[in-house]
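Contents: one structure, followed by commentary.
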């Protein structure tokens, strides 16, 4: 039997990409005490490739937001592989949203909302929302537009 | 009755800006176990507007340090709204100081000291000082000069 | 008597630089509950000076990886000064690897592996590997090529 949270996740009919193998010497996620920490994730597509480009030059803010949603789906892939049931997560605790943006880009929170709104769809408007920073990087691995790391409290 | 720490805070006569409402899908702060995590904050002025500009171009290092102090005051506004009494915080544990700087800027620690020195005024030279990274971002939301996220241990 | 982990560390014959004094208002490391958090560290050389330059312009990816290893050695210096015996660390939990890179640089994970592979040499392929983000900054203090902050679980 799956949890109510997991049932809601299943009812959304989301297309989950393959969980990305580590691109270096790190674990995709790690449990420390009652927290599950997730490494910085990029936007993996269902075919396993990564979305690329710089926000403010190759993508506008709305396109960047869709990328951040794809990063959120990729984080879900890692969580599903590790936990099985998304109801094992009590709440989102922290999101660090990193945007590969031009130096005049202004709307990082709008971009990262793409991931945060996905988490609200799954865990709801309280448990799905934690603290967050949404900031602009000078560059990201492989020129991905968005990288997000996150932490979750386990039930 | 307020705590000795809160009394000291009150005696400093600091002008605290309004606590900023979330600019996206996140909570300004969240308690997880015995820790209080604070989202990335910008420099809110008493009239509710944000300071803007890039350090190394629009502001020099000393002006950037004053901005970081204003970010610290803004974090205090969030803490006061959540906790009431600043003595409920046992210690500063972690500061991530992010400077919106030109790529040749060198003095990020000097800038972020503006926030860290404020925390020392309130919690003292041991409890007011945690671990820290002070780094340069490619861009920040709305072109704010400094964004800081922080964690605190609760008493 | 030192621990098996510490004995392995000693057998590696690594040249550990002097532990860097704080360059601002922060502690080099801080224990919070069962975790030891380490501030952002730069690459200190045995003579106490810092390596400098931007990856993708002044250094290539392989040279950047050597810098990240030197940052790892500098973190070890701080850990040794605080703990004495590296066996007091049960595992690496989190690494935030920040590369001072040109905006077209792509290989941040390769660079940060320089630190992560060092940690594997000491704590092994499971305990030496935690979650990680490897990202590109707009600038870093003093133009250091790499800054890394990390957290460890204590035994």
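Residue numbers (the numbering used here), protein chains in the order written: chain W, 1 to 155; chain P, 1001 to 1155; chain Y, 2001 to 2155.
A virtual CB, placed ideally from N, CA and C, is assigned to each residue, including glycine.
Neighbour list for residue i in chain Y, Cβ cutoff strictly below 7 angstroms
| i | result |
| --- | --- |
| residue 1109 of chain P | 2023, 2024 and 2141 |
| residue 53 of chain W | Going along chain Y, no residue has its Cβ under 7 angstroms from residue 53 of chain W, so there is no contact; the nearest lies around 12 angstroms. |
Opposing strand residues paired with residue i [DSSP bridges]
| i | result |
| --- | --- |
| residue 31 of chain W | W/36 |
| residue 2136 of chain Y | W/139 and Y/2099 |
| residue 2059 of chain Y | Y/2055 |
| residue 3 of chain W | Paired residues: none, contrary to the question. |
| residue 2151 of chain Y | Y/2037 and Y/2094 |
| residue 50 of chain W | W/44 |
| residue 2111 of chain Y | Answer is none; residue 2111 of chain Y lacks a bridge partner. |
| residue 2089 of chain Y | Y/2154 |
| residue 2146 of chain Y | Y/2099 |
| residue 131 of chain W | W/94 |
Within chain P, partners of residue i - CB distance below 7 angstroms
| i | result |
| --- | --- |
| residue 105 of chain W | 1139 |
| residue 2027 of chain Y | 1129, 1130 and 1131 |
| residue 94 of chain W | 1037 |
| residue 101 of chain W | 1138 and 1139 |
| residue 2032 of chain Y | 1093 and 1153 |
Residue i vs residue j beta-carbon contact at 8 angstroms
| i | j | result |
| --- | --- | --- |
| residue 1099 of chain P | residue 1051 of chain P | no |
| residue 2141 of chain Y | residue 1106 of chain P | yes |
| residue 2115 of chain Y | residue 2072 of chain Y | yes |
| residue 2048 of chain Y | residue 2094 of chain Y | no |
| residue 132 of chain W | residue 102 of chain W | no |
| residue 77 of chain W | residue 18 of chain W | yes |
| residue 1151 of chain P | residue 1037 of chain P | yes |
| residue 1043 of chain P | residue 1144 of chain P | yes |
| residue 1085 of chain P | residue 1002 of chain P | yes |
Whole-Å CB distance - residue i paired with residue j, under 8 angstroms assumed
| i | j | result |
| --- | --- | --- |
| residue 91 of chain W | residue 127 of chain W | 4 angstroms |
| residue 53 of chain W | residue 59 of chain W | 5 angstroms |
| residue 120 of chain W | residue 1040 of chain P | The pair is not a contact, with the Cβ atoms about 19 angstroms apart (cut-off 8 angstroms). |
| residue 2097 of chain Y | residue 2148 of chain Y | 5 angstroms |
| residue 153 of chain W | residue 34 of chain W | 6 angstroms |
| residue 2009 of chain Y | residue 2089 of chain Y | At roughly 10 angstroms, the Cβ-Cβ gap does not stay under 8 angstroms, so residue 2009 of chain Y and residue 2089 of chain Y are not in contact. |
8 angstroms Cβ cut-off: residues of chain Y touching residue i
| i | result |
| --- | --- |
| residue 147 of chain W | 2133 and 2135 |
| residue 1116 of chain P | 2024, 2025 and 2026 |
| residue 1120 of chain P | 2025 |
Proximal residues of chain W, C-beta to C-beta of residue i below 7 angstroms
| i | result |
| --- | --- |
| residue 2112 of chain Y | 24 |
Chain-ordered chain W contacts of residue i [CB-CB under 9 angstroms]
| i | result |
| --- | --- |
| residue 2084 of chain Y | Chain W residues near residue 2084 of chain Y: none, gap ~23 angstroms exceeds 9 angstroms. |
| residue 1040 of chain P | 96, 131, 132, 133, 134 and 135 |
Contacts that residue i makes with chain P (C-beta to C-beta distance below 8 angstroms)
| i | result |
| --- | --- |
| residue 71 of chain W | The contacting residues do not exist; residue 71 of chain W stays about 14 angstroms from chain P at best. |
| residue 2064 of chain Y | What residue 2064 of chain Y touches in chain P: nothing, since even the nearest Cβ is about 16 angstroms away. |
Interface residues of chain W facing residue i [CB-CB closer than 8 angstroms]
| i | result |
| --- | --- |
| residue 1001 of chain P | The premise fails here: residue 1001 of chain P is roughly 30 angstroms from chain W at the closest Cβ pair, so nothing lies under 8 angstroms. |
Neighbouring residues, chain P, relative to residue i (Cβ below 9 angstroms)
| i | result |
| --- | --- |
| residue 2124 of chain Y | Under the 9 angstroms cutoff, chain P gives no residues; its nearest Cβ is about 25 angstroms from residue 2124 of chain Y. |
Partner residues on chain Y for residue i, Cβ-Cβ distance less than 9 angstroms
| i | result |
| --- | --- |
| residue 97 of chain W | In chain order: nothing, as chain Y lies at least about 11 angstroms away. |
Distance cut-off 7 angstroms: residue i Cβ against heavy atoms of the ligand PLP
| i | result |
| --- | --- |
| residue 129 of chain W | The ligand PLP is not part of the structure shown, which contains no ligands of any sort. |
Are there three or more Cβ pairs, one per stretch, closer than 8 angstroms when the segment 2061 to 2075 of chain Y is compared with the segment 2101 to 2111 of chain Y? yes
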